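First comes the structure, then the notes that go with it.
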Amino acid sequence: MIIENCLQYTISMIDFDTELICPAVVCAIAASAAVIFFHYYGMFKLPWYVSSSLLVYALVVIFMTFGLLPYDISNSLFGPEDYDDTVLKTIITCLYWGTWILGWGLTPVFCCVYTYKYALTPGRRIWYSIRYNLIWYAIAFTIMGIFLVIFVATTGITWNNLVALGYAMCNGYGLTLIVFLLGHGLIALPRSVWRAGDPMNRVNYLFDNLNASAKEVADSYVNGQYAMKALMKLSRKIPRFYEELVRPNLDSRINQLEKLLEEKDLPEYFYSEVVPDKKYKAIVENDWDGATQYEIENLFYMVDWKIISLDESSFAMKYYADLLTPAIKSAIKLQKNKCLSFLKNFCMKFISIILYIQTAAYVWGDITLMFNKTEINIYYYLSHLKVPTFINQLCVTFPIIGYLMFTGAWSCHLMKCGTMYRFIPHKSNDYTLYYWIVIMGRLAPSIAYNYINQIDATETTLFKVYGEMRNIAFLGNAYNQYLPAFMFLVMILVTFNVWDKIISIFGYKRNPDGTNKENEKKYHVFRALKPEDEEILNDSVFVSLNTLPSEQPLLY
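Residue numbers (full-length UniProt numbering): 1 to 556.
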């Protein structure tokens with residue numbers, strides 16, 4: 001009896017400690033993974049004020065998702081009934097709105113101050129940064145205000161419910177991200193892992209990226225030549241009263257662009273196929289005699305984009321070319337070693353099946369949520385098992401939230417969000433990293449809120465904060481009931497490869513592998529950049545390998 005009591009006491013003490021220790025350890029692991037991810041994509045090469053603001057924002061989101069959420073769920077399901085959550089509620093509320101201020105207020109200003117280097121003075125750089133964001137917010141708030149007035153007038157909602165409506169709109173934005181990012185990722189990620197077992201999967205992926213980078217290099221090079229002509233023309237006609245202000249900025253850009261244009265690595269036909277941009281042809285035709293400060297800054301703006309584009313795409317092209325040699329050799333090795341090839345193929349398919357099971361569990365959870373039958377979903381059953389708190393956190397909450405977050409992050413890093421949104425290993429720009437972090441910052445709380453609804457943990461502090469939208473009588477839990485239906489539609493489109501066709505309508509298309517002729521053409525860039533490795537392309541084993549359409553694999 002004494003031994004049994006001691007054992008129970010020991011378990012209770014361990015449970016008490018690990019209730020806090022487990023989230024702290026997982027937060028540390030997630031934060032370390034985020035730092036490695038950011039380092040891989042070159043965030044710490046940006047100025048300290050840009051990288052610091054982005055990192056702080058990301059760490060706050062990680063703390064909320066992997067720290068506060070598991071701790072909150074544990075207290076709700078297994079904690080004392082008289083638990084006082086006042087402090088936790090204050091922290092969650094402050095962090096929730098703090099991420100909005102960070103993501104849509106401070107961080108974009110820091111990024112813009114760095115990006116708007118075309119401004120001739122520090123004061124004008126800050127002014128451009130603030131003005132850009134103020135204009136964007138003014139338009140957004142004006143549109144939102146008009147809809148809000150109409151909304152209040154037609155529905156009879158009281159102004160006291162506006163806070164709840166604010167939560168509803170914010171959560172609606174995040175849940176909309178779930179529709180698209182998880183709708184894509186929950187199908188595309190397991191399918192990509194399934195295909196990763198094929199020896200040519202990584203090779204095709206690298207060739208696609210190499211050729212896409214080469215096309216961008218050619219485009220940037222051709223338009224960069226027009227930009228250089230405009231700079232040289234301005235150099236001869238700088239107004240005297242701007243000489244001291246403009247000359248240092250002008251000379252530095254001429255030197256940067258001249259150095260980049262000296263590197264002409266591609267065959268000539270790549271450049272001859274490019275149709276010059278009309279805007280860049282126009283700046284060459286401009287006389288620049290008596291140019292205003294605004295006109296000069298606009299020229300510097302266009303030049304800076306080409307400098308950034310040419311620098312990033314050239315780096316990416318050479319980077320993918322360097323990776324292709326070992327990737328092709330690995331594919332040849334796998335083709336020769338049938339045992340190793342079978343083992344890799346088996347492992348990838350096994351992992352893919354596990355991920356598909358996770359996807360099925362999440363989809364079933366959303367279906368039960370739509371019909372208010374959450375007690376029959378798998379997440380609900382697992383989260384309510386009578387086990388020590390740390391086991392519930394380590395074996396249930398963390399794996400589920402982690403998989404959903406990784407899936408969303410994976411989809412987000414593949415999405416198209418403007419021409420400058422592109423992840424380049426060791427060379428990504430601040431625009432790309434900023435938008436990725438902001439989107440993930442909104443996706444994470446929405447994943448948490450959706451998960452809480454699936455396990456019916458309505459007593460959690462997080463639910464009380466986010467669930468303010470339920471105070472709107474006609475809205476209630478409508479988001480959680482109806483948005484999953486749209487997510488299912490996206491999943492169906494991805495499953496039957498319709499999603500890429502829809503995206504291609506807006507100009508976003510991946511280079512297909514297609515026919516043998518296309519396959520031969522895609523080797524041209526590699527041959528130009530790596531002539532010493534050309535013989536591996538003629539290897540009989542490599543030639544005999546069947547190429548499959550290259551759907552983006554894991555984060556290579």
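Cβ coordinates follow ideal geometry from the N, Cα and C atoms, glycine included.
Note that the structure is predicted; figures quoted are calculated from it, not measured.
Start and end residues, alpha helix (DSSP H) containing residue i
i: Tyr451; result: 430–454
i: Arg247; result: 243–262
i: His317; result: In the sequence under discussion, the amino acid at residue 317 is Met, which differs from the His named in the question. Its alpha helix (DSSP H) spans residues 293–336.
i: Asp265; result: Note, Asp265: premise wrong, no alpha helix (DSSP H); not H, not E.
i: Pro190; result: 183–195
i: Asp72; result: 69–78
i: Met200; result: Taken as a continuous stretch (DSSP letters only), Met200 belongs to no alpha helix (DSSP H), as it is neither H nor E.
i: Ile378; result: 378–383
i: Lys89; result: 86–101
i: Pro531; result: First-last for Pro531: undefined, no H or E at that position.
i: Phe398; result: 398–414
i: Asn392; result: 389–392
i: Val113; result: 107–115
i: Val284; result: 278–285
Check: residue i C-beta below 7 Å from any heavy atom of the ligand ADP
i: Met200; result: Among the components modelled here there is no ligand, and therefore nothing to report on the ligand ADP.
Euclidean distance between Cα positions of residue i and residue j
i: Ser540; j: Lys336; result: 11 Å
i: Leu537; j: Lys349; result: 28 Å
i: Tyr71; j: His184; result: 29 Å
i: Glu19; j: Leu260; result: 55 Å
i: residue 557; j: Tyr128; result: As displayed, the chain neither begins before 1 nor continues past 556, which places residue 557 out of reach and without an answer.
i: Met43; j: Lys427; result: 8 Å
i: Leu404; j: Ser76; result: 22 Å
i: Thr389; j: Phe398; result: 12 Å
i: Thr142; j: Ile101; result: 19 Å
i: Phe315; j: Glu532; result: 19 Å
i: Lys362; j: Tyr379; result: Here residue 362 turns out to be Tyr, not Lys, going by the sequence shown. Looking at the two C-alpha atoms, the distance is approximately 8 Å.
i: Ile455; j: Ser352; result: 25 Å
i: Leu186; j: Tyr356; result: 8 Å
i: Ala58; j: Leu340; result: 39 Å
i: Pro80; j: Lys386; result: 14 Å
i: Phe542; j: Ala321; result: 17 Å
i: residue 561; j: Lys338; result: This structure cannot settle anything about residue 561, because the visible part of the chain is limited to 1 through 556.
i: Glu216; j: Val303; result: 15 Å
i: Asp513; j: Lys464; result: For Asp513, the predicted structure reports a pLDDT of 38, less than 50, and the residue's modelled location is therefore unreliable. A value from the coordinates is still provided. Answer to the nearest angstrom: the Cα atoms are 51 Å apart.
i: Ala24; j: Gln358; result: 25 Å
i: Asp287; j: Asp219; result: 25 Å
i: Leu414; j: Phe423; result: 8 Å
i: Met64; j: Lys318; result: 39 Å
i: Lys264; j: Met487; result: 45 Å
i: Lys517; j: Tyr482; result: A caution first: Lys517 carries a pLDDT of 42, below 50, which makes its placement in the model unreliable, though a value can still be read off. Cα to Cα, Lys517 sits roughly 47 Å from Tyr482.
i: Gly105; j: Leu175; result: 21 Å
i: Leu182; j: Val275; result: 37 Å
i: Ile126; j: Asn298; result: 16 Å
i: Arg247; j: Ile254; result: 10 Å
i: Phe180; j: Tyr523; result: 34 Å
i: Glu312; j: Leu69; result: 38 Å
i: Gly365; j: Pro445; result: 18 Å
i: Asn345; j: Phe207; result: 21 Å
Residue-level contact to chain D via CB, residue i, 8 Å cutoff
i: Phe44; result: Judged by its chain identifiers, the structure shown contains no chain D, having just a single protein chain.
Practice item. Report yes or no: do the stretch 425–443 and the stretch 217–232 share at least 3 C-beta pairs separated by less than 8 Å? Key: The stretch 425–443, when compared against the stretch 217–232, does not touch it at the 8 Å Cβ threshold.
Check your understanding: Within the chosen definition, does the stretch 302–314 reach the stretch 190–200 through at least 3 CB pairs nearer than 8 Å?
Key -> These segments do not touch.
Exercise for review: Kindly confirm or deny that the stretch 492–499 and the stretch 107–114 touch, where touching means at least three C-beta pairs closer than 8 Å.
Suggested key: No: the two stretches stay apart, fewer than three of their Cβ pairs being nearer than 8 Å.
Point to revise | Sufficient close CB pairs (3 or more, under 8 Å) joining the stretch 24–43 to the stretch 84–95 | key: No contact exists between the stretch 24–43 and the stretch 84–95.
Review point. On the three-pair Cβ rule with 8 Å, is the stretch 325–333 touching the stretch 201–211?
Key: Contact between the stretch 325–333 and the stretch 201–211 is present: three or more C-beta pairs spanning the two stretches fall below 8 Å.
Exercise for review: Enumerate, from N- to C-terminal direction, the unbroken alpha helix (DSSP H) stretches of 4 or more residues contained entirely within the stretch 16–63.
Suggested key: Annotation note: the stretch 16–63 contains the following uninterrupted alpha helix (DSSP H) runs of length 4 or greater, listed N- to C-terminal: 48–63.
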